[in-house]
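Input: a single structure, listed below in structure tokens.
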Amino acid sequence: MPKSSFAETHPNLAKQWHPTLNGDLTPSDITKGSNKKVWWKCPKGDDHEWEAIINSRSKGRGCPICTNQKVVLSNCLATLNPELAEQWHPSKNGILTPYQIVPGSNKKVWWKCPKGDDHEWEAIIVSRSEGSGCVVCLNQKIVSSNCLATLNPELAEQWHPTKNQNITPFQVGLGSHKKAWWKCPKADDHEWKASISSRNYGNGCPVCASRKVVLSNSLKILHPELADEWHPSLNKDLKPNQVTPFSNKKVWWKCPKGDDHEWEAVIASRSEGSGCAVCDGKKIVLSNCLATLNSKLAEQWHPSKNGSLTPYNIAINSNKKVWWKCNKFDDHVWYTTISNRSGRGDSCPFCSLTPQSKQELIITFELKKIFKNINPKGHKARLNDKLRSIDIFISELNLAIEFDGSYWHKDSRAKDKIKSEILLKEGFRLIRIREEPLKKIFDTDVISKQPYNGKQVTNDLLSVILSMYDLEDKTVSKIKEYQLKYGLQNEKGLDRYIDKILTEKAAKSRSK
Numbered sequence: 425m426p427k428s429s430f431a432e433t434h435p436n437l438a439k440q441w442h443p444t445l446n447g448d449l450t451p452s453d454i455t456k457g458s459n460k461k462v463w464w465k466c467p468k469g470d471d472h473e474w475e476a477i478i479n480s481r482s483k484g485r486g487c488p489i490c491t492n493q494k495v496v497l498s499n500c501l502a503t504l505n506p507e508l509a510e511q512w513h514p515s516k517n518g519i520l521t522p523y524q525i526v527p528g529s530n531k532k533v534w535w536k537c538p539k540g541d542d543h544e545w546e547a548i549i550v551s552r553s554e555g556s557g558c559v560v561c562l563n564q565k566i567v568s569s570n571c572l573a574t575l576n577p578e579l580a581e582q583w584h585p586t587k588n589q590n591i592t593p594f595q596v597g598l599g600s601h602k603k604a605w606w607k608c609p610k611a612d613d614h615e616w617k618a619s620i621s622s623r624n625y626g627n628g629c630p631v632c633a634s635r636k637v638v639l640s641n642s643l644k645i646l647h648p649e650l651a652d653e654w655h656p657s658l659n660k661d662l663k664p665n666q667v668t669p670f671s672n673k674k675v676w677w678k679c680p681k682g683d684d685h686e687w688e689a690v691i692a693s694r695s696e697g698s699g700c701a702v703c704d705g706k707k708i709v710l711s712n713c714l715a716t717l718n719s720k721l722a723e724q725w726h727p728s729k730n731g732s733l734t735p736y737n738i739a740i741n742s743n744k745k746v747w748w749k750c751n752k753f754d755d756h757v758w759y760t761t762i763s764n765r766s767g768r769g770d771s772c773p774f775c776s777l778t779p780q781s782k783q784e785l786i787i788t789f790e791l792k793k794i795f796k797n798i799n800p801k802g803h804k805a806r807l808n809d810k811l812r813s814i815d816i817f818i819s820e821l822n823l824a825i826e827f828d829g830s831y832w833h834k835d836s837r838a839k840d841k842i843k844s845e846i847l848l849k850e851g852f853r854l855i856r857i858r859e860e861p862l863k864k865i866f867d868t869d870v871i872s873k874q875p876y877n878g879k880q881v882t883n884d885l886l887s888v889i890l891s892m893y894d895l896e897d898k899t900v901s902k903i904k905e906y907q908l909k910y911g912l913q914n915e916k917g918l919d920r921y922i923d924k925i926l927t928e929k930a931a932k933s934r935s936k
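In my numbering, the protein residues as written are 425 to 936.
Okay, structure coming up:
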């Protein structure tokens, strides 16, 4: 036995000395530096047998089977992963078998998935051992069984015949994010680009859905009559052949009925039937404004009480209430809708619609704040077998109030006195309101000074009533509270009354 034999220097490695394949040679017969190649046997498996130079083992080289440097039955793919070995392609790997390869090999080989005859592909063995699956099942490789043409033939029929270069529905999968060209059978210009996956999920033709504009679904083709009203200059470069009838885009239009019939409207609203905003009175221009269509009525537009509103920016049939001013009498001011005025004529209601003067009506409506049952149209009473008018009548006081305007009563003193005596004889109480420069006929008369002040006249009238009657405390309180207030207290009531009679008059005119 040589000095310092391998058995002495490396007793653990000496235990892996093959018991039968090295003949009579033993670890005691050689040293660690020997270049002799001998057989070894690893304790981890019966087939872990290999040849190696003694010197290489002394330097640390281990079992090549444990490190997958040598393939045997115990470490081959067939043994360690039999399920994967079943997918080994039966014919495309030559003489190589799963018994000749380890699971960690970087060698690329052919595989065959049991789910389809054309599920064949190449892959590195270690990648498969780590879990990579069938590339056909995963749509990473397209074959006949998983292509668009096979799985969705109806969709494949819409594959554009010329715009996809040489790619066909047999070369793409349903889940592909690749964009391709499509052609809808409904029209030749129904062509568009979309990802294959989006189409497979149900996205249809954008032309049919009006999401893409082509000639066949454009406003120009589907609604030529609307296209004719497309404004020739205010829509910049946008044309009727570039929008669909269902677009929510707002554009300019021009009606053939007038040069100033121009307006903006959403395209879809026009397709649904909305017409010219000027013809419909929704937009006011010079040709359809009040000033143009009824200049006489426009002359009665109040010059200061309508803010920025003028006869040039309002329609003749508008239901808006505005202020008016008689062009004969400055105090003839009233509030009513434009349609009421245009529907019945252009006369002043104080001059023509009511028998009462404006002054009478102001006093009437101021008194109604205290005495509710006053008819603003006055009162009729039979006197000396004749039906006579009383300007203002307070029924709860049996009080007749006559308003004597200076213009109409300047030469009627005697006549007014006679009517007064008849009223008194018939049991009425009486107060006359005499407008300056008329003089009193009776001590109870009230003088209306110039310029007319309806609140002051009403205050004076109420003072006379207080002196003539023993009223209830509640009524007396109302009168005194009223007299302390500044300005007219029932202008809105008067305005509503004027508006009411104008509305009634307009309705009668329209029904004729």
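Just so you know, even glycine gets a beta-carbon here, dropped at the ideal spot from N, CA and C.
These numbers were taken from a predicted model, which means no experiment stands behind them.
| Item | Value |
| --- | --- |
| First through last residue of the alpha helix (DSSP H) which encompasses residue 832 | 830-833 |
| Buried or exposed (CB count within 10 angstroms, at least 16 for buried), residue 856 | buried |
| Distance CB(residue 889)-CB(residue 823) smaller than 9 Å | yes |
| Inter-residue Cα distance where the pair is residue 741 and residue 707 | 12 Å |
| Start and end residues, beta strand (DSSP E) containing residue 759 | 757-761 |
| Residue of 840, 786 and 839 minimising C-alpha distance to residue 915 | 786 |
| Cβ pair residue 511, residue 535 closer than 9 Å | yes |
| Pair within 9 Å by beta-carbon distance, residue 505 and residue 551 | no |
| Range covered by the beta strand (DSSP E) that runs through residue 533 | 532-536 |
| Cβ neighbour criterion (16 or more within 10 Å) applied to residue 724 | buried |
| Among 630, 492 and 680, nearest to residue 937 - alpha-carbon criterion | The structure shown does not extend to residue 937, since the chain is modelled only from 425 to 936, so the question has no answer here. |
| Length-filtered (4 minimum) alpha helix (DSSP H) runs lying within the region 908-933 | none |
| Backbone secondary structure at residue 854 - three-state DSSP | strand |
| Cβ-Cβ distance between residue 522 and residue 500 below 9 Å | yes |
| Residues that residue 812 bridges to, as DSSP identifies them | 805 |
| Cβ-Cβ distance between residue 848 and residue 854 below 9 Å | yes |
| Residue 615, enclosing beta strand (DSSP E) - first and last residue | 615-619 |
| Burial state of residue 789 (16 or more Cβ within 10 Å) | buried |
| Rounded straight-line distance, which links the Cα of residue 606 to that of residue 558 | 30 Å |
| Segment contact, 8 Å Cβ cut-off, at least three pairs: the region 631-647 with the region 664-682 | yes |
| Whole alpha helix (DSSP H) elements within the region 581-656, 4-residue minimum | 620-624, 643-646 and 648-651 |
| Closest Cα partner of residue 843 within the set 452, 808, 830 and 517 | 808 |
| Bridge partners - residue 465, DSSP secondary structure assignment | 473 |
| Residue closest to residue 491, alpha-carbon to alpha-carbon, out of 472, 764, 502 and 480 | 472 |
| Cα-Cα separation between residue 530 and residue 549, rounded to whole angstroms | 6 Å |
| C-beta contact flag for residue 482 and residue 452 at 9 Å | no |
| 6 Å Cβ shell around residue 457 - same chain, five flanking residues per side excluded | 479 |
| Where the alpha helix (DSSP H) through residue 842 begins and ends | 837-849 |
| DSSP bridge partner residues for residue 710 (one or two, in chain order) | DSSP output for residue 710 lists no bridge partner at all. |
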